[in-house]
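Asks:
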Amino acid sequence: MDYTVRYYGQIAELVDSNEEFIFSEADTIQKFIKDLIQIHPILKGKTFQVAQNNQIKREGALIRKAVIDLLPQFSGG
Amino acid sequence: MDYTVRYYGQIAELVDSNEEFIFSEADTIQKFIKDLIQIHPILKGKTFQVAQNNQIKREGALIRKAVIDLLPQFSGG
Amino acid sequence: MNKKKVIKNIFIKGPITSDFIAKSIESHKTKKTIGAHELFLGQVRSDNIKGKEVVAIDFTAQEKMANKICHDIKESIFDNFPIYCMHIYHSLGKIKAGDVCVFIFVSGPHRSDIYGILKLVLNEIKKKASIFGKEIFNDESHQWKVNNNYD
Amino acid sequence: MNKKKVIKNIFIKGPITSDFIAKSIESHKTKKTIGAHELFLGQVRSDNIKGKEVVAIDFTAQEKMANKICHDIKESIFDNFPIYCMHIYHSLGKIKAGDVCVFIFVSGPHRSDIYGILKLVLNEIKKKASIFGKEIFNDESHQWKVNNNYD
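Chains as they are written, first to last, in our numbering: chain H, 314 to 390; chain W, 314 to 390; chain P, 63 to 213; chain S, 63 to 213.
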């Protein structure tokens, strides 16, 4: 599967990109994060959350064709 | 003594005046209020405070030549 | 910002305009150690009392005493909270329903420094400041405003 | 005033101007059942961190998620407090020290109806809204903003 991955805040800075298309066989969040860290080893040990369809997902199945958002710690306000 | 007496809010409405000059032999707040109620019987039983030199005075001597303020309950804000 | 020696005049003839409030906010832009502001605005409410509608409140005051009390309230806040600025304004005269008649403005370094202060200050003003409100109804009759703990 | 079905966009490109705040206040004059407003303004503070001075914060966001969260925060306030209106605005982009980047506005019938709400809402926004602040120093270096419970 080709996933559209969007990066925010410090994560975008670390991978030096706001958006990428990543091919991954992963069908769960956990597996996808593993693949992602192989592509971007700099993300190892970093704190971030994954969202799909504008909902934070901590575990479970990836939604096919839905954009994946990688969100570092919130610091608005 | 001639005292300048200023009335505020509902008290001004009751005596139909903002300022009067009242002659009174009174030398204390209590005695002055007695004289005042004789002049303005409508003030009998009404709640108000007396101030002189911009200070609320509950009892004690009147300050000669200082204006007397008659203040009803506060209702600002 | 805290000129303790000067007793400021809190009174404004007529309503406190949004333009006045904007200018007050704008004047704090140069104070770059401020991180948080809170503003309280009291707006004349068109209460319905026994079938009659409040169309305005006419405010009068013993101004010197009220200014001194507001000065003392500010001093006590500065003594007890790490704030940078505090401003109090109150209208005089006939203020129509929908118009703003009270404006309290507090600023400090962090949000946690200023929480709860507006409530404290407004309570003190309502209790201690020699200001008198006359509620004017749509039939031109009136009643004298009475303060309580929630309004 | 409370259009629960519409998710509003809280984001404003650039600083929140005092003119914008004034217009927001002005628009409430027709709502004559309102007696009390409170406004929180977050101003970019020129912190001094290890000898370097913060000159701006650059805000980005996952906007859809942040808008939805702010909508939910508002809903929960409307469900729990007898308020009439609530508005939340947050800046995007580089906001200079001294400029306003957050604006929360709550209005209700009496002052006692709105106390404490600004604090609650701001805490929720800081914790739950997908907004990211980059603190930019006077030497053009930067660090990523970290939220805490008091700032």
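Glycine is no exception: its CB is placed at the ideal position from the N, C-alpha and C atoms. Bear in mind the structure is a predicted one, so any value in this text is a computation, not a measurement.
Which one or two residues does DSSP pair with P:D175 in a beta bridge?
Replies: Paired residues: none, contrary to the question.
Asks: In three-state terms, what does DSSP make of W:V380?
Replies: In this structure, W:V380 counts as coil in the three-state DSSP scheme.
Asks: For P:F73 and P:K130, what's the separation of their Cα atoms in angstroms?
Replies: Each residue's Cα considered, the two are about 12 Å apart.
Asks: Sort out for me which residues DSSP pairs S:C163 with in a bridge.
Replies: S:C163 pairs with nothing; no bridge assigned.
Asks: Does at least one heavy atom of the ligand ATP sit under 8 Å from the Cβ of P:C132?
Replies: This structure simply doesn't include the ligand ATP, nor any ligand for that matter.
Asks: Buried or exposed: where does S:K136 fall if 16 or more other Cβ atoms within 10 Å of its Cβ makes it buried?
Replies: Label assigned to S:K136: buried.
Asks: Tell me whether the beta-carbon of H:G389 lies closer than 9 Å to the beta-carbon of S:N209.
Replies: Cβ atoms of H:G389 and S:N209: closer than 9 Å.
Asks: For P:K112, tell me which candidate among P:F199, P:W206 and P:K207 has the shortest Cα-Cα distance.
Replies: If we check each option's Cα against that of P:K112, P:F199 comes out closest.
Asks: Indicate the three-state DSSP secondary structure (helix, strand or coil) for P:N210 in the structure shown.
Replies: The answer is coil: DSSP assigns P:N210 none of H, G, I, E or B.
Asks: Give a yes or no on whether the C-beta atoms belonging to P:Y151 and P:F140 are separated by under 9 Å.
Replies: In this structure, P:F140 does not lie closer than 9 Å to P:Y151 by Cβ.
Asks: Could you list which residues in chain P have their beta carbon closer than 9 Å to that of S:H99, in chain order?
Replies: Chain P residues near S:H99: L101, F102, L103, G104, Q105 and V162.
Asks: Taking the alpha-carbon positions, what's the H:Q351 to P:H172 distance?
Replies: Taking the straight line joining both Cα atoms gives about 41 Å.
Asks: With 9 Å as the limit, tell me which residues of the segment 360-387 of chain H have their beta carbon closer than that to any beta carbon of chain S; keep them in chain order.
Replies: The residues in question are Q362, A364, N367, Q368, I369, D382, L384, P385, Q386 and F387.
Asks: Roughly how many whole angstroms lie between the Cα atoms of S:I187 and S:C132?
Replies: Cα to Cα, the separation comes out at about 7 Å.
Asks: Buried or exposed: P:M63, going by 16 or more other Cβ atoms within 10 Å of its Cβ?
Replies: Here the model assigns P:M63 a pLDDT of 48, short of 50, so the residue's position is not dependable, and the following value carries that caveat. Answer is exposed; the Cβ neighbour count stays below 16.
Asks: For S:G170, write down the residues that DSSP places opposite it in a beta bridge.
Replies: According to DSSP, which records beta bridges pairwise, S:G170 is partnered with S:A98.
Asks: Within a Cβ cutoff of 6 Å, which residues of the same chain sit near P:H99, ignoring the five residues on either side of it in sequence?
Replies: Taken in chain order, the residues that qualify are S169.
Asks: Shorter than 9 Å from the beta carbon of W:E332 to some beta carbon of chain P?
Replies: Output row for W:E332: interface = no.
Asks: Determine the extent of the beta strand (DSSP E) in which H:Q368 is found, giving its start and end residues.
Replies: Element bounds for H:Q368: Q368 to K370.
Asks: Specify the secondary structure class of S:M127 as computed by DSSP and reduced to three states.
Replies: The answer is helix: DSSP assigns S:M127 an H, G or I state.
Asks: Near W:I339, which residues of its chain fall below 6 Å by C-beta distance, leaving aside the five closest residues on each side in sequence?
Replies: Checking the sequence, you will find Ala at residue 339 of chain W rather than Ile. Within the same chain, W:A339 has close Cβ partners F345 and D348.
Asks: Helix or strand or just coil, what does DSSP make of P:S86?
Replies: Three-state result, P:S86: helix.
Asks: Helix, strand or coil, according to DSSP, for W:V328 in the structure here?
Replies: Three-state result, W:V328: helix.
Asks: Since H:I376 contacts H:N367 with CB under 8 Å, what's their CB separation in whole angstroms?
Replies: That pair is no contact at about 11 Å.
Asks: Hey, out of S:A118, S:D161 and S:I179, whose CA is closest to S:D201's CA?
Replies: It is S:A118 whose Cα lies nearest to the Cα of S:D201.
Asks: How would you list, in chain order, the residues of chain P whose beta-carbon sits under 8 Å from the beta-carbon of S:D213?
Replies: By Cβ distance, chain P contributes G97, H172, R173 and S174.
Asks: Please report the straight-line C-alpha distance between W:D315 and W:G322, rounded to a whole angstrom.
Replies: The straight-line gap from Cα to Cα measures roughly 23 Å.
Asks: Note the first and the last residue of the continuous beta strand (DSSP E) segment covering S:L154.
Replies: Residues C147 to K158.
Asks: Grab me the residues of W:R319's own chain with a C-beta within less than 8 Å of its C-beta, minus the 5 sequence neighbours each way, in chain order.
Replies: Taken in chain order, the residues that qualify are N331, E332, V380, I381, D382 and L383.
Asks: Check the Cβ of P:Y177 against every Cβ in chain S and list those closer than 7 Å, keeping chain order.
Replies: Residues of chain S passing the Cβ test: K181.
Asks: Assuming S:K70 is part of the alpha helix (DSSP H), what are its boundary residues?
Replies: Element bounds for S:K70: n/a, residue is neither H nor E.
Asks: Give the interface partners of P:I111 over in chain W, defined as CB-CB distance under 8 Å, in chain order.
Replies: Those within 8 Å of P:I111 in chain W number zero; the least Cβ separation is about 15 Å.
Asks: Under 9 Å between C-beta atoms, does S:N142 make it to chain H?
Replies: Output row for S:N142: interface = no.
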